[in-house]
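Asker:
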Amino acid sequence: MDISVILPTYNNGKYIERAVNSVINQEVEELELIVINDGSTDNSAEILKDLAGKHSCIRVITQENQGVAAARNAGLDIATGDFVAFLDGDDTYCQNALGDMLFLAKQWEADLVVGELRRIQSFGESIMKNSRMMSQKVMLRKEDIGFVNSFSVCNKMFRRSIIEEQRLRFRKIRHAEDGVFLYSFLNACGQIIGCPRVVYEYHRALPFEAKSALSRLDAPMFDSLTAAVEEIRKLVEKWSEAVQSELNVRIFRTSIVNEYYRHLWILEKETLSKVMTTAEKYREKLTEEDLTALEPAMTDLESEERLKTKEEILEDPYLSVAVAAGMEEKELSRFLDTMYYQDCPNFEVRLDGCYRQSVPEEYTKKENLYISEQDNCGLRELASQTKGRCLQIIDGSAIYNENTVRLMLRNLQKLDVDFISVLPLGYREGTTERIDRLNSCFTKKGRRNAEKNPKVMARHNEIDCRLFNKLFRRNALMDVLKELDETAGPEQVCGTAFGKLTYRRVANVRIGLQSGYEPKKPKAPAEPEGLKPFGTEEAGEKDRNGLPLGNSYRIARKLRRVQADKTLFLGVVAHEPGGNLRPLADALNDRGGDVLQDAAAAELEQSEQINVAYAADYATAGTLIAEDDDVATDGLELRKNQELIRLWHTRGGDLVEHSPLVCPQTQEYGIPETDRFFDREAALAARKRLERRYPRLWGRKLALFAPAFHQGLSVQTGYDFEYFNPGRVSDALGEDFVLALCWHPRTKSFLEDETEFRDRETVESFDLNLSRETDLNGLLLAADILITDYTDLGFAYSLLDRPMIHYWFDANDYLLRKKPGRRLTEYAWGQQVFSEEELIDALKNPRIEPDDRAAFRNRFMEKCDGHSAERIVNRIAAKW
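The sequence shown: position 534 = 533 (numbering that gives the first Met the number 0), numbered continuously.
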């Protein structure tokens, strides 16, 4: 069994089928799903019984409610997979997430795999920044700071044998049990790798859509948190000071402030007291640098010296939210649910007097909620009752996401304007939708047009005329209101504000509207273009290669005999000086053979139409030599006395897809273009030729950086230089070396045609750019050290006694795209590094492992001994 997925569920009947389906649809052959029904009282049991009857991989355990830790432990007790993964009952795995993590784990023999985590909320989704940072790394250390800020076990896959050897189980606590389990595992595991794919989707519902975890923030749960973080601190007490320091920051910022203090208005008095005391205790453990670094994320708390108490917030709130008349009772209830769900506690709420009988009982007890004595009071009167330095007026059925308010406050401060306007979305029973007309004001194109054209800006301001999606600096808004009549409505207020105040529209912050909007109309599907009926080709048309249609090849086969001494070369790269043609053509001509070169248009088509200029030669040549594996020969039918020899050619191609093994005849004949690798004079000639063209090489060694074209990047970039700084690499090499760049051919062709190039400045910082050199093998002969990633250059370079480095900073992304049948390391020799730091260390200490290189040469280049051309010519000449 490859993977055991452990899924605890408690009253997740609404979502459990979605979670289960995300597991059984994974592309993993040997997988078991262990679902622990932890005392659910809804319809979860019936749903699970039905699903287990349909899918044999599902095992269901039913137990009394004991909590998520006990449920996971019950799953671990019966799990049989090599790896274990954990899923919560209201979340999902992404498509093939488990297959991707399993594939990488097998590639690197890893004990722990870390993937990306996507957070899905009603008003949008986002990738958890810390999970992305970790997943992008090929290899991770257990002391990686990322683990400090990513306790969750759900975006990770664990080797089960270590769990059992260490007898690891989840502590039966209510908070941060994931962190204790994770760090216990880290202390025992070996290889840790990242999986650069989104693997897990964390679904966060609005509080009125499902029971919120915030409702469970009580004193016993906070006690569990403090016990858990203290245990984690003990687990890392022998680790580096950096980890321990970052852990203290995380405990204060995330565990205490973000998870508890930011929700102080829903905490009981005892819980809040413990939170405030513990917060100060951990604050004292932080350095001045730590506190300074925390300031930007805690601006809305106004906690320069300590966290504000409830009483201080009541006296001096940072934000006032004034709710004007107009909401239905249900809409008001939902608004208040989402208001007190916010992760921003420094606020007050002022309601119009008309809501006096509509406020749910639980909110009438909130000290920071006030109801005006006047019903249907004007906007100016309602705003005048507020005390905050920032002010939002709700003039519609608004609802928030959990962090809407905090993001609005952050943007208002960052943009340094009088007010901001954020993107409104329509909300209908769990789904959001764009609002017609308003949406166009917030698109990139719309904002760009408005900045250039005052008329467009004026039109946008007329459309964006509601107050609920705007956050003002209170003084600025009060100045506007004082100029207007007491009865002024939202349109008048917005119109005046747009005319007198500074503002910005912000599209990446969203606020919901429950009613009173028109959904954005979907575009009508485009009419498909008419297709040209088959058989309507006009006379004289040419095929896709621009060649006339005809049957010359067939005629030649019938009328002419095969000539044993005629050899036809096929391949678009055959004329390059570093290719296979030259040594073979020279040797065959010396023997008196008839050598023809069809390098310009050698591809044959399945329609049996071939290059008519060479039709007779295709049909009559005794030997046809294909330069490489990508020379198409589908239309060629070999005659009795004809032979096709397919060679391999160094071209900067993919090392997995273009290893010499793709041309089996290389194992018999070798590769003619490598013969000069065994000729010392040829190597010296290649070096002297470069020195004549590039005088900077005189008296210095050549470090050649020849990367592959990285899929996913545009041709205009070609390589992600965030991970390769030419200046730092050159410094590591020292004055004796020249650092030269040789682009992959795809990027090379771009450089010949385009003038705009994003990384031109970086490219120009190399000592030399050898990208226009056509003789790749000549560059290899001249290089004293080769740095590459996923190119085929290492195969030929293994024939030289010189160091080579594979720089694989994005190896796991490469592996998931290619899915090779062998481990990546089997296609490589030399040093393999995964970060710029490791690359620089390898350059300062280059080394060759003779046994490693010898084994690699025996696997891929065994017949490359300086006599490959001789073997092939002997084979051909024997038929003359």
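Ideal Cβ positions, reconstructed from N, Cα and C, are used throughout, including at glycine.
Tell me the DSSP secondary structure of residue 867 in three-state form.
Answerer: Locating residue 867 in the sequence shown gives position 868, counting from the first residue. Helix, per DSSP.
Asker: Under 8 Å, with one C-beta from each stretch per pair, do the stretch 158 to 172 and the stretch 133 to 148 reach the 3-pair mark?
Answerer: With the cut-off at 8 Å, the stretch 158 to 172 and the stretch 133 to 148 do not touch.
Asker: Whose C-beta lies closer than 6 Å to the C-beta of residue 59 among residues of the same chain, with five residues either side of it excluded?
Answerer: The residue given as residue 59 occupies position 60 in the sequence shown. Correct list, in chain order: 34, 47 and 51.
Asker: Is residue 338 helix, strand or coil by DSSP?
Answerer: As a first step, residue 338 is located in the sequence shown; it is residue number 339 there, counting from the start. Three-state result, residue 338: helix.
Asker: Hey, would you say residue 157 sits closer than 7 Å to residue 116, going by beta carbons?
Answerer: By one-based count along the sequence shown, residue 157 stands at place 158. By one-based count along the sequence shown, residue 116 stands at place 117. For residue 157 and residue 116, no; Cβs fall outside 7 Å.
Asker: As a quick exercise: from 511, 67, 839 and 629, pick the residue whose alpha carbon is nearest that of residue 723.
Answerer: Along the sequence shown, one-based indexing puts residue 723 at 724. With distances taken between Cα atoms, residue 723 lies closest to 839.
Asker: Could you give the residue range of the beta strand (DSSP E) that holds residue 507?
Answerer: Numbered from 1 along the sequence shown, position 508 holds the residue referred to as residue 507. Taken as a continuous stretch (DSSP letters only), the beta strand (DSSP E) holding residue 507 covers 502 to 512.
Asker: Return the first residue and the last residue of the alpha helix (DSSP H) that residue 479 is part of.
Answerer: The residue given as residue 479 occupies position 480 in the sequence shown. First-last of the alpha helix (DSSP H) with residue 479: 473 to 482.
Asker: Applying the 10 Å Cβ sphere with the 16-neighbour rule, what's the burial state of residue 160?
Answerer: For this step, residue 160 is matched to residue 161 along the sequence shown. Residue 160 is exposed by the Cβ-count criterion.
Asker: Quick test of the definition: if touching needs 3 or more C-beta pairs under 8 Å, does the stretch 460 to 473 touch the stretch 379 to 395?
Answerer: Counting Cβ pairs under 8 Å, three or more are found: they touch.
Asker: Do the CB positions of residue 343 and residue 375 come within less than 7 Å of each other?
Answerer: Translated into positions along the sequence shown, residue 343 becomes position 344. Translated into positions along the sequence shown, residue 375 becomes position 376. Not closer than 7 Å, so no.
Asker: Keeping to the same chain, check which residues put their C-beta closer than 6 Å to that of residue 32; ignore five residues upstream and five downstream.
Answerer: Reading the sequence shown from its first residue, position 33 is the one you call residue 32. 4, 22, 56 and 57.
Asker: Jot down the residue ranges of each uninterrupted alpha helix (DSSP H) in the stretch 171 to 244, minimum 4 residues, whole runs only, in chain order.
Answerer: Correct list: 176 to 185 and 218 to 234.
Asker: In chain order, what residues of the same chain have a beta carbon less than 6 Å from the beta carbon of residue 506, not counting five sequence neighbours either side?
Answerer: Reading the sequence shown from its first residue, position 507 is the one you call residue 506. Closer than 6 Å at the Cβ level, and outside the excluded window around residue 506, lie 422 and 441.
Asker: Residue 421 by DSSP, collapsed to three states: which one?
Answerer: Here residue 421 corresponds to residue number 422 of the sequence shown, with the count starting at 1. In the structure shown, residue 421 sits in a strand (DSSP, three-state: E or B).
Asker: In the DSSP assignment, the alpha helix (DSSP H) including residue 493 goes from what residue to what residue?
Answerer: Residue 493 sits at position 494 when you count from the first residue of the sequence shown. Here the alpha helix (DSSP H) through residue 493 covers 489 to 499.
Asker: Can you tell me which of the three DSSP states residue 251 falls into?
Answerer: Your numbering for residue 251 matches position 252 in the sequence shown. The answer is helix: DSSP assigns residue 251 an H, G or I state.
Asker: Could you have a look at residue 878 and say whether DSSP puts it in helix, strand or coil?
Answerer: For the purposes of this step, residue 878 is identified with residue 879 of the sequence shown, where counting begins at 1. Note: residue 878 maps to coil in three-state DSSP.
Asker: Do residue 449 and residue 394 have their beta-carbon atoms positioned less than 7 Å apart in this structure?
Answerer: If you number the sequence shown from 1, residue 394 lands on position 395. If you number the sequence shown from 1, residue 449 lands on position 450. No. Outside cutoff.
Asker: Between the stretch 183 to 201 and the stretch 114 to 128, do three or more beta carbon pairs fall short of 8 Å?
Answerer: Touching, yes.
Asker: Please say whether residue 99 and residue 814 have beta carbons closer to each other than 7 Å?
Answerer: In the sequence shown, the residue the question calls residue 814 occupies position 815. In the sequence shown, the residue the question calls residue 99 occupies position 100. No; because the gap between Cβ atoms is not below 7 Å, this pair is not in contact.
Asker: Under a Cβ-count criterion, where at least 16 other Cβ atoms within 10 Å of its own Cβ denotes burial, should residue 173 be classed as buried or exposed?
Answerer: On the sequence shown, residue 173 is found 174 positions in, with the first residue counted as 1. Buried.
Asker: Would you identify the three-state DSSP class for residue 429, choosing helix, strand or coil?
Answerer: To locate residue 429, count along the sequence shown from 1; it is residue 430. DSSP places residue 429 in coil when its eight states are reduced to three.
Asker: Rounded to the nearest angstrom, what separates residue 234 and residue 177 at their Cα positions?
Answerer: As a position in the sequence shown, residue 234 is number 235, starting the count at 1. As a position in the sequence shown, residue 177 is number 178, starting the count at 1. Roughly 14 Å between the two C-alpha positions.
Asker: What's the gap between the Cα of residue 220 and the Cα of residue 316?
Answerer: As a working mapping, residue 220 is identified with position 221 in the sequence shown. As a working mapping, residue 316 is identified with position 317 in the sequence shown. Cα to Cα, residue 220 sits roughly 28 Å from residue 316.
Asker: Just tell me which of 469, 555, 514 and 484 has its CA closest to the CA of residue 433.
Answerer: Locating residue 433 in the sequence shown gives position 434, where the first residue counts as 1. If we check each option's Cα against that of residue 433, 514 comes out closest.
Asker: To the nearest angstrom, report how far apart residue 638 and residue 561 are at their CA atoms.
Answerer: Here residue 638 refers to the residue found at position 639 when the sequence shown is read from its first residue. Here residue 561 refers to the residue found at position 562 when the sequence shown is read from its first residue. One C-alpha to the other measures close to 8 Å.
Asker: For residue 382 and residue 467, which I take to be in contact (beta-carbon distance under 8 Å), what is that distance rounded to the nearest angstrom?
Answerer: Indexing the sequence shown from 1 puts residue 382 at position 383. Indexing the sequence shown from 1 puts residue 467 at position 468. Their Cβ separation, rounded to whole angstroms, is 14 Å, which puts residue 382 and residue 467 out of contact at 8 Å.
Asker: In chain order, what residues of the same chain have a beta carbon less than 8 Å from the beta carbon of residue 831, not counting five sequence neighbours either side?
Answerer: Working through the sequence shown from its first residue, we reach residue 831 at position 832. Cβ neighbours of residue 831 beyond the five flanking positions: 804, 805, 807 and 824.
Asker: I'd like the list of long-range same chain contacts for residue 575, defined as Cβ closer than 6 Å, with 5 residues on each side in sequence excluded.
Answerer: Here the question's residue 575 lines up with position 576 in the sequence shown. Note that residue 575 has pLDDT 49, beneath the 50 cutoff, so the model's placement of it is unreliable and no number is given.
Asker: Got a sec? Which residues, its chain only, sit under 7 Å from residue 862 by beta carbon, not counting five neighbours each side?
Answerer: Counted from its first residue, the sequence shown places residue 862 at position 863. Taken in chain order, the residues that qualify are 665, 666, 667, 668 and 669.
Asker: For the beta strand (DSSP E) containing residue 806, name the first residue and the last one.
Answerer: Working through the sequence shown from its first residue, we reach residue 806 at position 807. Run containing residue 806: 803 to 806, per the beta strand (DSSP E) assignment.
Asker: Put residue 15 into one of helix, strand or coil per three-state DSSP.
Answerer: As a working note, residue 15 is residue 16 in the sequence shown. Residue 15 falls in the helix class under three-state DSSP.
Asker: Can we say the stretch 253 to 264 touches the stretch 331 to 345, given the rule of at least three CB pairs closer than 8 Å?
Answerer: A contact exists between the stretch 253 to 264 and the stretch 331 to 345.
Asker: Taking contact to mean 3 or more Cβ pairs, one atom from each stretch, closer than 8 Å, check whether the stretch 7 to 19 and the stretch 72 to 92 are in contact.
Answerer: The stretch 7 to 19 is in contact with the stretch 72 to 92.
Asker: What do you get for residue 877, buried or exposed, if any count of 16 or more other CB atoms within 10 angstroms of its CB means buried?
Answerer: Translated into positions along the sequence shown, residue 877 becomes position 878. Residue 877 should be labelled exposed.
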